[in-house]
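Participant: First residue of the sequence shown? That's 15 in this note's numbering, and the numbers climb one at a time after it. Quick one: this structure, given as structure tokens, is what I'll be asking you about.
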Amino acid sequence: MRLVLEPTETRDGVLHGAWWPRSHDLRSELAALVTDLGRRLGTILRVRVDHDAWDDVPSSLMIAGRFLRIGDFPSPMGTITVIRGGHDGFLLLVVPPETTATRAASMMAAAARPANGTCAAELLASRGAAEETPPSETRLAMTRAYTQADETAVLALVNADRLPGQPMCSRQMLADAVEGTCVDNPSPWAELDPPRTEVLIDDSGDVVGVISYTTRARDAAGLILWLHGSENMTVIEALVQRALDCLEGCSFVHAFTVASALTSGLGALPGVRRATTRKVLEHAGFAGRDSWRYLHRGVRGLGLAQTSPLVRVAACLRPSGWWLSVAEHEIGVEAVAGTPSHGVGVLWWLGMDTAHDDAALDKAVLDRALALLYANGAREIVLYAEGEPLPARSLFDTAGFVDVDHLASYARG
Numbered sequence: 015m016r017l018v019l020e021p022t023e024t025r026d027g028v029l030h031g032a033w034w035p036r037s038h039d040l041r042s043e044l045a046a047l048v049t050d051l052g053r054r055l056g057t058i059l060r061v062r063v064d065h066d067a068w069d070d071v072p073s074s075l076m077i078a079g080r081f082l083r084i085g086d087f088p089s090p091m092g093t094i095t096v097i098r099g100g101h102d103g104f105l106l107l108v109v110p111p112e113t114t115a116t117r118a119a120s121m122m123a124a125a126a127r128p129a130n131g132t133c134a135a136e137l138l139a140s141r142g143a144a145e146e147t148p149p150s151e152t153r154l155a156m157t158r159a160y161t162q163a164d165e166t167a168v169l170a171l172v173n174a175d176r177l178p179g180q181p182m183c184s185r186q187m188l189a190d191a192v193e194g195t196c197v198d199n200p201s202p203w204a205e206l207d208p209p210r211t212e213v214l215i216d217d218s219g220d221v222v223g224v225i226s227y228t229t230r231a232r233d234a235a236g237l238i239l240w241l242h243g244s245e246n247m248t249v250i251e252a253l254v255q256r257a258l259d260c261l262e263g264c265s266f267v268h269a270f271t272v273a274s275a276l277t278s279g280l281g282a283l284p285g286v287r288r289a290t291t292r293k294v295l296e297h298a299g300f301a302g303r304d305s306w307r308y309l310h311r312g313v314r315g316l317g318l319a320q321t322s323p324l325v326r327v328a329a330c331l332r333p334s335g336w337w338l339s340v341a342e343h344e345i346g347v348e349a350v351a352g353t354p355s356h357g358v359g360v361l362w363w364l365g366m367d368t369a370h371d372d373a374a375l376d377k378a379v380l381d382r383a384l385a386l387l388y389a390n391g392a393r394e395i396v397l398y399a400e401g402e403p404l405p406a407r408s409l410f411d412t413a414g415f416v417d418v419d420h421l422a423s424y425a426r427g
């Protein structure tokens, strides 16, 4: 969880929520924040920031085709002020990127509490007292099996890595992932051995990382299913090495190839937002494969074009939803739209068996898929795009999608 708002939006407290960016690069961090806030609060016109907290502060940015002004007057230390219009502003605590997941979750909860009375400087000072050891120098103590007592800390780690459009990880989702079940993707789990989920503990007794791995009998392969560790190099290296040690006898080890109950869609790794994990895997001998683009779109302010009669729609069971193809072309299924869950629709844009460059047909399939998803309760859409040739980037841009990350799974022989 990277953004929380005070739930009543009365703004009676000193702070109105909190934001936990991934880096000190304001240019790369603001797009996700403004997009997320736009879905919750409406269009954000300008922001004010604490200039000392960022490597560089531009005067303005273009985000999703909209001009965002960054005010000359600073926001109070450790905060960002986001303004919808006039003086309608929200003051958010900015949790430093290097903060551990457990401590960040505590600070964000305090900042989002209704009628909170603690200022940003006090929360940042409490963080400093609680974290005398920098994350890069985390002293690790041991790994052990996950227990119910670790639930809160592990949920914080998982939600800190959540991509836009992904559901917040709930207790039930975590329990299903630990057990090795997934209602939306049961087939691959049926052939896996029960997973082992372990947590990594630092010398203070805090949970700083979590990993889940298993084996598959039919090909003697090992699988790293999912892991989280605040993108701390020391933690991620220890987690990956732990799994490799336990899977030493396996002929191959795969990583991030199976979607778990923690995610909606694919289990692949976001290589940009989780660059540390990607680098650790590569240094350990893993090679990336099965590349996908991850895009996201909300519904605010976007109309739907008329759907084309050329697009053929058929029901599918796995995933539950619809297959879409072009009736007069033998090019196979072009897209799969999953039945929306919790207001989120998932769209898989698949590669073609036969190359084609008909932009009108691409747009017809996309329009029909969006119409299906929104008609069935979607308020936002996650799009996974694969294959060659991909449709022009302008197709997704015009439809209101934001390119969020590049996903990949990994294998080591």
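Glycine included, C-beta positions come from ideal geometry on N, C-alpha and C.
Tell me, please, which residues DSSP counts as bridged to S339.
Facilitator: Answer is R326.
Participant: Sorted by chain position, which residues of the same chain lie with C-beta nearer than 8 Å to R127's C-beta, five sequence neighbours on each side aside?
Facilitator: Counting only Cβ-Cβ distances below 8 Å, and skipping sequence neighbours, we find E20, G27.
Participant: Does the separation of the CB atoms of S278 and V358 fall below 8 Å?
Facilitator: Cβ atoms of S278 and V358: closer than 8 Å.
Participant: Just to confirm, are Y160 and E245 a CB contact at a threshold of 8 Å?
Facilitator: Result no, Cβ atoms of Y160 and E245 do not sit closer than 8 Å.
Participant: Please state whether DSSP places E112 in a helix, a strand or coil.
Facilitator: The answer is coil: DSSP assigns E112 none of H, G, I, E or B.
Participant: When burial is assigned at 16 or more other CB atoms within 10 Å of the CB, is G219 buried or exposed?
Facilitator: Classification of G219: exposed, given that the 10 Å Cβ count is below 16.
Participant: What are the boundary residues of the beta strand (DSSP E) that W33 is part of?
Facilitator: Note, W33: beta strand (DSSP E), 31–33.
Participant: Assign G315 to one of three DSSP states: helix, strand, or coil.
Facilitator: Only weak support exists for where G315 lies, its pLDDT of 45 falling under 50; the coordinates are left without a value.
Participant: So A32 and V109 are supposed to be a Cβ contact under 8 Å. How far apart are they, rounded?
Facilitator: Contact flag correct, Cβ pair sits at about 6 Å.
Participant: At 3 residues or longer, what runs of the beta strand (DSSP E) sit wholly inside the region 52–93?
Facilitator: Runs of the beta strand (DSSP E) inside the region 52–93: 60–63, 74–77, 80–84.
Participant: Following the continuous beta strand (DSSP E) through Y227, name the residue where it begins and the one where it ends.
Facilitator: Its beta strand (DSSP E) spans residues 221–230.
Participant: Take the Cβ of F81 as the centre, count every other Cβ of all protein chains shown within 10 Å, and call the residue buried at 16 or more, exposed below.
Facilitator: Counting Cβ neighbours within 10 Å, F81 comes out exposed, since fewer than 16 surround it.
Participant: With three or more C-beta pairs closer than 8 Å as the rule, is the region 118–137 touching the region 50–61?
Facilitator: Judged by Cβ distances under 8 Å, the region 50–61 makes no contact with the region 118–137, as fewer than three pairs qualify.
Participant: Do three or more CB pairs link the region 181–200 to the region 253–267 at distances below 8 Å?
Facilitator: Contact between the region 181–200 and the region 253–267 is absent, because fewer than three Cβ pairs lie under 8 Å.
Participant: Using the Cβ count rule (16 or more neighbours within 10 Å means buried), how would you classify D102?
Facilitator: Flag for D102 reads exposed.
Participant: Terminal residues of the continuous alpha helix (DSSP H) containing T161?
Facilitator: No alpha helix (DSSP H) holds T161; DSSP gives it neither H nor E.
Participant: Locate the alpha helix (DSSP H) running through T271, then write down its first and last residues.
Facilitator: It is not in any alpha helix (DSSP H) - T271 carries neither H nor E in the DSSP assignment.
Participant: Let me check understanding here. Comparing Cα to Cα, which of T22, L17, R36 lies closest to R288?
Facilitator: Cα-wise, what sits closest to R288 is R36.
Participant: Report the rounded CA-to-CA distance for A119 versus L107, giving the unit in angstroms.
Facilitator: If you take the alpha carbons of A119 and L107, they lie about 12 Å apart.
Participant: On the three-state DSSP scale, how would you describe T211?
Facilitator: T211 falls in the strand class under three-state DSSP.
Participant: Cβ atoms of L29 and N173: under 8 Å apart, would you say?
Facilitator: Cβ distance not < 8 Å, so N173 and L29 don't count as in contact.
Participant: Can you tell me the Cβ-Cβ gap for L237 and L206, rounded? I've got them flagged as a contact below 8 Å.
Facilitator: L237 to L206, Cβ: 7 Å. Contact.
Participant: R426 and G281 - do their beta-carbons sit closer together than 8 Å?
Facilitator: Cβ distance not < 8 Å, so G281 and R426 don't count as in contact.
Participant: For S201, does the three-state DSSP call read helix, strand or coil?
Facilitator: If DSSP states are grouped into helix, strand and coil, S201 belongs with the helices.
Participant: Does G79 pass the burial test, meaning 16 or more other C-beta atoms within 10 Å, or should it be called exposed?
Facilitator: It is exposed - the Cβ of G79 has fewer than 16 other Cβ atoms within 10 Å.
Participant: By a C-beta neighbour count over all protein chains shown, 10 Å radius and 16 as the cutoff for buried, is S74 buried or exposed?
Facilitator: Classification for S74: exposed.
Participant: What residues match up with S423 in a beta bridge as DSSP calls it?
Facilitator: Paired residues: R303.
Participant: If you count every other CB in all the chains shown that lies within 10 Å of the CB of L331, and 16 or more means buried, which is it?
Facilitator: Exposed, by the Cβ-count rule.
Participant: Measuring alpha carbon to alpha carbon, tell me which of R232, D164, T353, A204 ends up nearest A189.
Facilitator: The shortest C-alpha separation from A189 is found at D164.
Participant: Looking at chain C, is there any beta carbon in it that lies within less than 8 Å of the beta carbon of E245?
Facilitator: As a matter of chain content, chain C is missing from the structure shown, which is built from one protein chain.
Participant: Can you tell me whether DSSP reads D216 as helix, strand or coil?
Facilitator: It is a strand residue.
Participant: May I have the straight-line CA-CA distance separating D376 from G243, to the nearest angstrom?
Facilitator: Straight-line Cα distance between these residues: approximately 39 Å.
Participant: Relative to the ligand HEM, is the shortest distance from any of its heavy atoms to the C-beta of V222 smaller than 7 Å?
Facilitator: Annotation note on the ligand HEM: not contained in the displayed structure, which lists no ligands.
Participant: Can you tell which of V18, K293, R53 has the C-alpha that lies nearest to the C-alpha of R393?
Facilitator: Checking every option, the nearest Cα to that of R393 belongs to R53.
Participant: Would you tell me roughly how many angstroms separate the C-alpha atoms of P111 and A374, rounded to the nearest one?
Facilitator: Cα-Cα distance, rounded: 43 Å.
Participant: Who pairs with P181 in a beta bridge, going by DSSP?
Facilitator: Bridge partners of P181: none, in fact.
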